[in-house]
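Residue numbers (our numbering): 11 to 73.
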């Protein structure tokens, strides 16, 4: 796998992570409050872990 492909994968993970954490933070500090924002945080963390797992798996398989 070329460096540019690895860079694109890590850049994609970073951008999605920044967007989702910003969205979760906005929901938690806004009208919903922290206690009602916890389910969304759980979903965000689960989705990011799936994204990272799949990305690392694809990097290892394309060596």
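Note that the Cβ used here is the ideal one computed from N, Cα and C, for glycine as well.
Same chain, Cβ closer than 8 Å to residue i, five either side skipped, listed in chain order
i          : result
residue 51 : 34, 38
Residue from the options with nearest C-alpha to residue i
i          : options        : result
residue 23 : 65, 71, 69     : 65
residue 54 : 72, 28, 12, 71 : 28
residue 58 : 25, 41, 43     : 25
Burial state of residue i (16 or more Cβ within 10 Å)
i          : result
residue 40 : exposed
residue 47 : buried
Own chain partners of residue i with C-beta closer than 6 Å, once the 5 adjacent residues on each side are dropped
i          : result
residue 44 : 38
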